[in-house]
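Numbering-wise (my numbering), the sequence shown opens with residue 15 and increments by one. All C-beta atoms in this analysis are idealised placements derived from N, C-alpha and C, irrespective of residue type, glycine included. Report on the structure given below.
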Amino acid sequence: MIAVMNEMPPENENTNHAPVGNLTDFVEGIDETNRLDIEVAIKEDGHVIVFHSHRFKSDISWFEFDLGENKLDFVLEDGDLRDIGLPLTNDVAKHMQNSHQILTILMDPKTGEATEGRYVPLIIHRK
Numbered sequence: 015m016i017a018v019m020n021e022m023p024p025e026n027e028n029t030n031h032a033p034v035g036n037l038t039d040f041v042e043g044i045d046e047t048n049r050l051d052i053e054v055a056i057k058e059d060g061h062v063i064v065f066h067s068h069r070f071k072s073d074i075s076w077f078e079f080d081l082g083e084n085k086l087d088f089v090l091e092d093g094d095l096r097d098i099g100l101p102l103t104n105d106v107a108k109h110m111q112n113s114h115q116i117l118t119i120l121m122d123p124k125t126g127e128a129t130e131g132r133y134v135p136l137i138i139h140r141k
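Here it is, written out as structure tokens:
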């Protein structure tokens, strides 16, 4: 399994694309002591999974992955973008380019158990 951890992503400004907001502003129940944890993992069969520790305020409509920057964005129902906060590794990126969807799994932050999951479409592009 290949993974990248991210806790509190920074705000990202991109002049060639719609403004990208902070991922943490669309997650329920996080603060300085209750952090958002996200892990992007690749299963042995090459499928991409995003584990997250807190519920999102609205559903993710789709993911966008930029091959040039190895950057994963969350796209909300209203079209707003949320950046995961850091570039993914090349090992993760090579699996992203062969994927059409990502399995998102909500983990209980107290027990570490999966509570729910769903597939979200993935759009690949290069800026």
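Straight across, the Cα-Cα distance linking Glu130 with Gly82 is about 32 Å. Counting C-beta pairs with one atom in each stretch, the region 99 to 107 and the region 121 to 137 have fewer than three that are closer than 8 Å, which means they do not touch. In this structure, Ile98 lies near Leu86, with their beta-carbon atoms less than 8 Å apart. Annotated three-state conformation of His109 is helix, per DSSP. Here Phe70 is actually not in contact with Val134; their C-beta atoms are around 11 Å apart, not less than 8 Å. When secondary structure is reduced to three states using DSSP, Leu37 falls in the helix class. Sorting Phe40, Ala55 and Ile56 by C-alpha distance to the C-alpha of Arg49 places Phe40 at the top. Per DSSP, Gly131 is one residue of the beta strand (DSSP E) stretching across Ala128 to His139. Counting the other CB atoms within 10 Å of its CB gives Asp80 a total of 16 or more, which places it among the buried residues.
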